[in-house]
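The letter at position 160 of the sequence shown is residue 479 when you use our numbering, and the numbering goes up by one with no holes.
Backbone N, C-alpha and C fix where the C-beta goes; we use that ideal spot for every residue, glycine too.
Small disclaimer: the values here were computed from a predicted structure and weren't measured.
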Amino acid sequence: MSRGVIQPSQQKLAEKLTILNDRGIGMLTRVYNIKKACGDPKAKPSYLVDKNLESAVKFIVRKFPAVETRNNNLAQLQKEKSEILKNLALYYFTFVDVMEFKDHVCELLNTIDACQVFFDITVNFDLTKNYLDLVVTYTTLMTILSRIEERKAIIGLYNYAHEMTHGASDREYPRLGQMIVDYENPLKKLMEEFVPHGKSLSDALISLQMVYPRRNLSADQWRNAQLLSLISAPSTMLNPAQSDTMPCEYLSLDAMEKWIVFGFILCHAVLNSDATALSLWKVALQSSTCLCLFRDEVFHIHKAAEDLFVNIRGYNKRINDIRECKEQALSHAGSMHRERRKFLRSALKELATVLADQPGLLGPKALFVFMALSFARDEIIWLLRHADNIQKKSTDDFIDKHIAELIFYMEELRAHVRKYGPVMQRYYVQYLSGFDAVVLNELVQNLSVCPEDESIIMSSFVNTMTSLSVKQVEDGEVFDFRGMRLDWFRLQAYTSVSKASLGIADHKELGKMMNTIIFHTKMVDSLVEMLVETSDLSIFCFYSRAFEKMFQQCLELPSQSRHSICFPLLCTHFMSCTHELCPEERHHIGDRSLSLCNMFLDEMAKQARNLITDICTEQCTLSDQLLPKHCAKTISQAVNKKSKKATGKKGEPEREKPGMESMRKNRLLVTNLDKLHTALSELCFSINYVPNLAVWEHTFTPREYLTSHLEIRFTKSIVGMTMYNQATQEIAKPSELLTSVRAYMTVLQSIENYVTIDITRVFNNVLLQQTQHLDSHGEPTITSLYTNWYLETLLRQVSNGHIAYFPAMKAFVNLPTENELTFNAEEYSDISEMRSLSELLGPYGMKFLSESLMWHISSQVAELKKLVVENMEVLTQMRTSFDKPEHMAALFKKLTSVDSVLKRMTIIGVILSFRSLAQEALRDVLSCHIPFLVSSVEDFKDHIPRETDMKVAMNVYELSSAAGLPCEIDPALVVALSSQKSENISPEEEYKIACLLMVFVAVSLPTLASNVMSQYSPAIEGHCNNIHCLAKAINQIAAALFTIHKGSIEDRLKEFLAVRSPLLLHYYMLTFLLIVVQLFEGYVTTKEEPPFFPIHLHEAGFLQPAEDRPGDGQDDDAEQRICLPAAGHDRAGVSLPHHGPAGVLLPLRPATKRLPRRLQAEHQRQRIDALHTQPRPTGPVLAYGPTHNDKYTLTAYTKYKLNTLNYAYNASMLIFRQCVTCRLKR
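Below you can see the structure in the form of structure tokens.
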């Protein structure tokens, strides 16, 4: 077969065009990166900014491309030559590669001219497109190369270093240097080069006359033609989209404009001879003011063209055309493209909506999808390019706040194609095998001439398509038609040369049919590549500032925030702009895509978080209106309204009741809360749009961003709602904080209606952290704030005497003082507040509170032990001399810091009383939340045998204490006191100190009589100095200390009673006798006996018959000398203290038989009256104490004094009991 002198198959035009176009993009990438590096002072090669080399660089540039190595300015290069060769090699050889690429392109262009190749974009699409792409790539490469200002310095430095090292210039340097000089003005040089290529280039460009004008229409023309609409003609909805120029339909308009502008600049002579060429040229000049060279490098077409043509004789008319087109572009191009974007927004929305509902339409209407993507991509790139290079004063046409919507619908169409790819595969496999193969076979059969090579290729096409079946799709077989497409490209080259036996110019139907078939094959195996070709927006990677600005505008506009997810989605495009010839930029672009994606998702989550916070603030305000404290005004108004007399003046306007904001008279009325909810729903739609994003081998989950931000804000909000002020020590009441937290949580729970996130996980993470001392960020929590406040503010004021514990109300109350406190203690410590505190802190937080309380107690106990050590000798003697009143009195005077002991024990009692309130509240809360678990813990505690090993018992007590249950031995206190063991003191000595501590407390109790504040106060059912808390302190401290030292708690308390009983009566301190009796008041109240010894021992410990007591100094063992009589003994007409109903401690009573209850009140009044009329004894006041001759005896005055106290106390207690009864009835 003869094809003339030049055989097309031997020229391999298709292969060369494919390889050179790909290599050209790689070279553009490398040259672009060199230009950016040289333009950045931080990335520029150090030798170009080195002061020592400055003179050498200037000399090299001035002499370039000549080489003169003997100049003095080059002396410094000798020292740096090796480093220069090493570091500038990549730059130098990139320029060498550009030169080689230029040589290959020129060679191929000459071959194409010699072959007289036929170009028609509508027939041999691949051949024409690749030819025009190569021309533009070559032109672009040389243009960007000329923009590298340091190119001469880099090439010259490298060559001089090479000369100094090897003694000769690099072999490529002469040609490379000459190329750099020749292409100082690249377009002018290229215009000269392309004179012989004008015919081929102009033919290829003029073939666009059927494509470009049809693509470059106004929005009104698109709208009138119902472009891209699937529903405009319902009857043809299932018909496949057909076109004679299938690949031209989605061809980039931006690419065609570059072909036309650069092509007609290079072969400008045709503009004067061909009206079609001039028409295409003018339309292209009117559409834009600048073109994209590569990435963010632009080419200002009007100025460049005018500068080139001004020096050409006879081109004044063309210059005028350029100026007219420039004015047209400046005045009308912006508005024309704005209207196009507006049309495309609605068209793509309609298309995406229909395809989402009927994805099967992706088969017949796939062409519409790729046309829509290509059109939208062109308009977005046009806006991005021109917004960054505005040449007119008015910028309105270049600011599009709705650009995110257009990008979003593009991403939605891309998602449909990826999701329903198998649907499209199934459709087009059947299309290829059932229709295309048949039609192509008929065309081949009807060919008059079909050479052997072409026949083989055509037959392979038919056979390949015929062999396809749907089963291959169902089996998941991977299709690959790249070989078929390359064969068609080769066939185009074979049939497009002159003198070809089978000329494609004579068989255009074959070319158009094959172009359609190639499109159908791409729908089967190259959907991803088609998406990149038609909708790749990786150019945003190089317009970071404009990209971020568009994103911010999107978030600021509530109606557009639902489309904000398109910006993170665009970051997935960035890696498609990388090239294998420039692998070093992959990491740079990858990092940029990750940082931008992270920033966008973070900002979206922050915006959603801020909206949620605003909604929570509104809801907390509404919830706050329902607090009980706000009902007083309403009640007051209601009372005043009933009692107010008619007056002429109008009264105060009625206060709006909570809930009125929900009553709407007009559905058009929009409140601020409505706006917030609307904005939130829009933004949450965007966050919830995709479950995850894959960006450069990283996966981003938008919902997790929102979750993490909600956790952080919820944490800060909870702490902020405490309103803790360290300066004034003010803090929100726990009940109010709990109300706000619940309102906040209600709003957060509603977020699950918008976004698929696990809000329960947020609650668990945040609230669990709030039960610890510090959160995961090391910030204080509500547990630490409330713990510090109760310890440092409330309990400290108790120690200062400003607050007292109110046992009846189970709360702390303020005492009247000169300096009023800034807070009401009862509002922070009553039952409801403590329960709220338990709800907020939970068991872990309450445990931390208990541990903090115990730490303070352990500090007090440590100080008490120091005082014991100071008084150890005296206390040891008192421990063995408790039955010798005179000796005890003398020893008591030797004691020091007695008041300090009582004060510290009172502080301990107050802290333990507060802890009991906290524990009881915790038990109530847990009983509501986990009743079955709490009941199981109670069973463990209640049924633990008394003989159980103490370690086992302590484990049970620890479990019980964690559930808020009271324990005989406080495990937290045991742990706190155990940590005080000193290595310098033996266990026996520690045990002795503990015993003496109880003795010290016992002998110190009588001194309370001298304190005015020790008077019993019926108002608080205790004492203003809180000494009624001593009972709990003595009980708990004794139990804890002797548990630690493994001593007998019962024996030690017997010793305590034996020491303190005679002392109390010795000083006639009935009040303090009652205080100590309170040691066991709780057990009577709960109808339980004390855990360590029966209550009758406690009552009997106040009086001992003389004959039952050990003799003076006869027995050294104090423990064996304690001998208590049976309960109920009456001495000197005085009976023992006892407890009344409900645990009310009653005073001493006469030993005579008691009157019936109905006569007791009258009897008490008669006794008090008689007491006032009885003359006071004048005899000496004798101390009560034991004698060797008598049993216990009292003088007349002693009996008188006791009776007086007895009668007065009985009267006061009778009144108090009546008050309590009345209160209970209410």
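Asked, Found
"Quick one: which unbroken alpha helix (DSSP H) runs of 4-plus residues sit fully inside the stretch 751-809? Chain order, please.", "756-765, 771-785 and 789-793"
"What are the residues that DSSP puts in a beta bridge with SER592?", "In the DSSP output, where bridge partners are listed per residue, SER592 has none listed."
"Determine the closest residue to THR1102 out of TYR1163, THR1141 and ASP626, with distance taken between C-alpha atoms.", "TYR1163"
"Using 10 angstroms around the beta-carbon of LEU988, count the other beta-carbons present and answer buried if the total reaches 16, otherwise exposed.", "exposed"
"Candidates ALA1352, ILE579, GLU875 and SER1148: which alpha carbon is nearest ASP1289's?", "ALA1352"
"Going straight from the alpha carbon of SER1148 to that of LEU1056, what length do you get?", "14 Å"
"Across which residues does DSSP place ASN1133 in a beta bridge pair?", "ILE1122"
"CYS567 bridges to which residues according to DSSP?", "None, per the DSSP bridge assignment."
"Would you mind working out which of PHE618, GLY822, MET832 and ILE379 sits nearest HIS705, comparing C-alpha positions?", "PHE618"
"Determine contact between the stretch 1074-1081 and the stretch 1021-1031, defined as no fewer than three beta-carbon pairs at a distance below 8 Å.", "yes"
"Pull up the distance between the alpha-carbon of GLU646 and that of PHE444, whole angstroms please.", "34 Å"
"Take GLN1439 and list the residues in its own chain whose beta-carbon comes closer than 7 Å to its own, dropping the five residues that flank it on each side.", "Residue confidence for GLN1439 is low, a pLDDT of 34 falling below 50, so the modelled location carries little weight; the figure read from the coordinates is stated next. Cβ within range, chain order: n/a, list empty."
"Mark HIS1342 as exposed unless 16 or more other C-beta atoms lie within 10 angstroms of its C-beta, in which case mark it buried.", "buried"
"Check ALA1013 in the structure and name its three-state DSSP category.", "strand"
"Determine the contact status of LEU1194 and VAL1275, defining contact as a CB-CB distance below 7 Å.", "no"
"Taking the alpha carbon of LEU524 as the reference point, which residue from THR447, LYS471 and ALA552 has its own alpha carbon closest?", "THR447"
"Sorted by chain position, which residues of the same chain lie with C-beta nearer than 8 Å to THR1090's C-beta, five sequence neighbours on each side aside?", "THR1100, THR1102, LEU1160, GLY1161, PRO1162, TYR1163, GLY1164 and PHE1167"
"Less than 8 Å between the CB atoms is what I'm expecting for LEU527 and LEU599, so what's the real figure, rounded?", "6 Å"
"For GLU1426, which of helix, strand or coil comes out of DSSP?", "The predicted position of GLU1426 is uncertain, since its pLDDT is 40 and thus under 50; no value can be drawn from it."
"Between which two residues does the alpha helix (DSSP H) carrying LEU1168 extend?", "1150-1189"
"Counting only the same chain and skipping the five closest in sequence on each side, list residues whose C-beta sits under 7 Å from that of ILE353.", "TYR410, THR413 and ILE467"
"Check whether the stretch 481-490 touches the stretch 601-609, taking contact to mean three or more Cβ pairs, one atom from each stretch, closer than 8 Å.", "no"
"Using CA coordinates, which residue listed in ASP844, HIS907 and GLY1283 is at the minimum distance from SER1235?", "GLY1283"
"Within the stretch 477-545, note down every full alpha helix (DSSP H) run reaching 4 residues or more, in order along the chain.", "492-501, 505-512, 517-525, 531-534 and 538-543"
"Would VAL688 and LEU751 be called neighbours here (beta carbons separated by less than 7 Å)?", "no"
"Quickly, what does DSSP pair CYS611 with across the bridge? List them, please.", "VAL617"
"Have a look at LEU915 and GLU796 and give me their C-alpha separation to the nearest angstrom.", "37 Å"
"Put ASN1522 into one of helix, strand or coil per three-state DSSP.", "Here ASN1522 scores only 47 on pLDDT, less than 50, and its place in the model should not be relied on; the value that follows carries that caveat. Looking at ASN1522 - three-state DSSP - the assignment turns out to be helix."
"I'd like the list of long-range same chain contacts for GLY830, defined as Cβ closer than 7 Å, with 5 residues on each side in sequence excluded.", "VAL442, ASN443 and ILE823"
"Which residue wins for smallest C-alpha separation from LYS1270, given the options ILE1363, ILE1226, LEU1316 and GLU1145?", "ILE1363"
"Could you spell out where the alpha helix (DSSP H) holding GLY345 opens and where it closes?", "332-358"
"Return yes when the Cβ of ALA723 is within less than 7 Å of the Cβ of ASP882, no when it is not.", "For clarity, residue 882 is His in the given sequence; the question names Asp instead. Closer than 7 Å, so yes."
"Should the stretch 1215-1230 be called in touch with the stretch 1110-1128, which here means at least 3 C-beta pairs below 8 Å?", "yes"
"Leaving out five residues before and five after GLU469 in sequence, what residues of the same chain have Cβ atoms less than 6 Å from its Cβ?", "CYS357 and LEU367"
"Which whole-angstrom value is the C-beta distance of PHE581 and THR458, which I expect to be below 8 Å?", "5 Å"
"What are the partner residues of LEU1093, as DSSP defines its beta bridges?", "PRO1099"
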